[in-house]
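Okay, so here's the structure we're looking at.
Below is the structure:
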């Protein structure tokens, strides 16, 4: 790893952040594209959520009775009703720990 | 009308709960770099120069696995292309800023900050200094990311691995999208994205992270057409 490769990666990453904000005017996007863009959070974040639950550290699919699946379901239910970020994260983590440490899943 | 200071504080408070996942992840990210045998200055330099959690870990892992710098840099670029989508959404609210301010604020656009500021923007479109909310979310994430990765580099992985704290990452994003589960169109889009991410997980350069959002947005476009 060298400074050059890090700086290159940094420049590319910065360009991904800057391009649409600074170089593209909102008028260049049509009404239909704007309507589709309203779905961006729902269209992007599951690509982080699903692999984070269903794929193990070794890049393989987890078992159907993996504690992460149950813990994620609990977090979804708690999050849905509480509308609270801290409650969602902690309910997921605590139920995960309960399952692996107490019930030895 | 809220003042700049109020908006900044609101942004900081809105993103604060996500530190539950960002801080352990940052510590892990710093510690992994040292465990893999990289120069600590380089590992920390990434947090300032790249400033993108998942892409930093992938960068380290690819290089330690013997991949060429070209492949590692390309992968970072591919993973981070999702920022283009965030930028396209945010540009509506940042339009009035000067070019220089747009260049500066762009550096602070990160997943959780985008998610929280975008929610706030949608509800408070008329506020004059909206961008201060984004500075609040992005700035808070930046400071915490620097402290967390630096402590991981210096102290090593003092977060016990058995705790499985990496699991906090999917949980933090569940908290972000969970309230949209009551809208059936959003549920369909989420499932399209999630299933595609598993299907394309082994695609080169970690490109599932941008392939699946594109598929999901096509699904969203079809839903919109169907609705009419």
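Residue numbers (my numbering), protein chains in the order written: chain D, 17 to 121; chain C, 542 to 769. Glycine included, every Cβ here is placed at the ideal spot set by N, Cα and C. Since the structure is predicted, the reported quantities are computational estimates derived from the model, not experimental observations.
Inter-residue Cα distance where the pair is residue i and residue j
i, j, result
"residue 738 of chain C", "residue 662 of chain C", "28 Å"
"residue 693 of chain C", "residue 765 of chain C", "45 Å"
"residue 682 of chain C", "residue 92 of chain D", "24 Å"
"residue 67 of chain D", "residue 665 of chain C", "33 Å"
"residue 769 of chain C", "residue 58 of chain D", "21 Å"
"residue 642 of chain C", "residue 562 of chain C", "29 Å"
"residue 31 of chain D", "residue 655 of chain C", "16 Å"
"residue 741 of chain C", "residue 747 of chain C", "9 Å"
"residue 696 of chain C", "residue 47 of chain D", "51 Å"
"residue 110 of chain D", "residue 715 of chain C", "15 Å"
"residue 545 of chain C", "residue 658 of chain C", "14 Å"
"residue 676 of chain C", "residue 81 of chain D", "42 Å"
Chain D residues whose Cβ lies nearer than 7 Å to that of residue i
i, result
"residue 590 of chain C", "22, 23 and 26"
Contact check, residue i vs residue j, beta carbons under 9 Å
i, j, result
"residue 594 of chain C", "residue 584 of chain C", "no"
"residue 553 of chain C", "residue 713 of chain C", "no"
"residue 108 of chain D", "residue 118 of chain D", "no"
"residue 55 of chain D", "residue 652 of chain C", "no"
"residue 18 of chain D", "residue 610 of chain C", "yes"
"residue 771 of chain C", "residue 588 of chain C", "As displayed, chain C neither begins before 542 nor continues past 769, which places residue 771 of chain C out of reach and without an answer."
"residue 674 of chain C", "residue 638 of chain C", "no"
"residue 83 of chain D", "residue 116 of chain D", "yes"
Proximal chain C residues relative to residue i, where beta-carbon distance stays under 7 Å
i, result
"residue 53 of chain D", "629 and 630"
Residue i, DSSP secondary structure in three states
i, result
"residue 699 of chain C", "coil"
"residue 71 of chain D", "strand"
"residue 77 of chain D", "strand"
"residue 741 of chain C", "coil"
"residue 649 of chain C", "coil"
"residue 633 of chain C", "helix"
"residue 34 of chain D", "helix"
"residue 731 of chain C", "helix"
"residue 657 of chain C", "helix"
Within chain C, the residues that residue i reaches when beta carbons sit closer than 9 Å
i, result
"residue 78 of chain D", "Residues of chain C passing the Cβ test: none, with the nearest at roughly 11 Å."
Where residue i meets chain C, residues with beta-carbon distance less than 8 Å
i, result
"residue 37 of chain D", "628, 631, 632, 635, 643, 646, 647 and 650"
"residue 95 of chain D", "715, 716, 719 and 720"
Contacts of residue i in chain D (Cβ-Cβ under 8 Å)
i, result
"residue 665 of chain C", "Ordered by position in chain D, no residue passes the 8 Å Cβ test against residue 665 of chain C, which lies about 16 Å from the chain."
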